[in-house]
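Peer 1:
Numbering (the working numbering), first residue to last: 67 to 205.
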């Protein structure tokens, strides 16, 4: 009987100890930083005011200190602006049981508001192909 009690106590200690190791820290997403182009390894699918854009590039730089923030630089995507940097939020979301990343930000420039929103499809911590689907509206 003593052996059974000792075994049960050891099992209970293992369960309690293993539960205390749960990690609720945020997932680091700085590996998402990169330059997204049309037809590239890091692919860009962009529309501006509902019109598909087939030129230019979007450079995403995730803040290594605060993983939920970053800067999206739009090069030759928005008409009239050769380069436009927008502060964005980066949030991990679940789409059909697959991790995706929601990118959103707004900037006012020359009296116009530029809204950027997109979904980034990327394998977690994997350097495979990625696709940034980006919608830009200028008001």
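Here a beta-carbon is modelled for each residue, glycine too, at the ideal position from N, C-alpha and C. These numbers were taken from a predicted model, which means no experiment stands behind them.
#1: Going by DSSP, what residue range makes up the beta strand (DSSP E) through residue 184?
#2: For the beta strand (DSSP E) that contains residue 151, what are its first and last residues?
#3: Helix, strand or coil, according to DSSP, for residue 169 in the structure here?
#4: Which class does residue 118 belong to by DSSP, given the choice of helix, strand or coil?
#5: Would you tell me roughly how many angstroms separate the C-alpha atoms of residue 183 and residue 117, rounded to the nearest one?
#6: Would you identify the three-state DSSP class for residue 205, choosing helix, strand or coil?
#7: Have a look at residue 209 and residue 132 and give me their C-alpha separation to the nearest angstrom.
#8: I think residue 176 touches residue 202, with their Cβ atoms under 8 angstroms apart; what is that distance to the nearest whole Å?
#9: Buried or exposed: which applies to residue 144, given that a residue is buried once 16 or more other Cβ atoms fall within 10 Å of its Cβ?
#10: What's the call for residue 160, buried or exposed, on a 16-neighbour Cβ count within 10 Å?
#11: Specify the secondary structure class of residue 89 as computed by DSSP and reduced to three states.
Peer 2: Considering the structure as presented:
#1: As a working note, residue 184 is residue 118 in the chain shown. From DSSP, the beta strand (DSSP E) with residue 184 extends over 178-187.
#2: For the purposes of this step, residue 151 is identified with residue 85 of the chain shown, where counting begins at 1. Per DSSP, residue 151 is one residue of the beta strand (DSSP E) stretching across 149-161.
#3: Stepping through the chain shown from its first residue, residue 169 is reached at position 103. Strand at residue 169.
#4: In the chain shown, the residue the question calls residue 118 occupies position 52. Residue 118: strand per DSSP, three-state reduction.
#5: Stepping through the chain shown from its first residue, residue 183 is reached at position 117. Stepping through the chain shown from its first residue, residue 117 is reached at position 51. If you take the alpha carbons of residue 183 and residue 117, they lie about 15 angstroms apart.
#6: Taking the first residue of the chain shown as 1, we reach residue 205 at position 139. Reduced to three states, the DSSP call for residue 205 is coil.
#7: Not covered by the structure: residue 209. The range shown for the chain is 67 to 205.
#8: In the chain shown, counting from the first residue as 1, residue 176 sits at position 110. In the chain shown, counting from the first residue as 1, residue 202 sits at position 136. About 15 angstroms separates the Cβ atoms of residue 176 and residue 202, ruling out a contact at the 8 angstroms cut-off.
#9: For this step, residue 144 is matched to residue 78 along the chain shown. Label assigned to residue 144: buried.
#10: The residue you call residue 160 lines up with position 94 of the chain shown. When all chains shown are included, residue 160 counts as exposed.
#11: Within the chain shown, numbered from 1, the residue matching residue 89 stands at position 23. Any reading at residue 89 must be qualified, since the residue scores a pLDDT of 49, below 50, and its modelled position is unreliable; the value itself is stated next. Looking at residue 89 - three-state DSSP - the assignment turns out to be coil, as it is neither helix nor strand.
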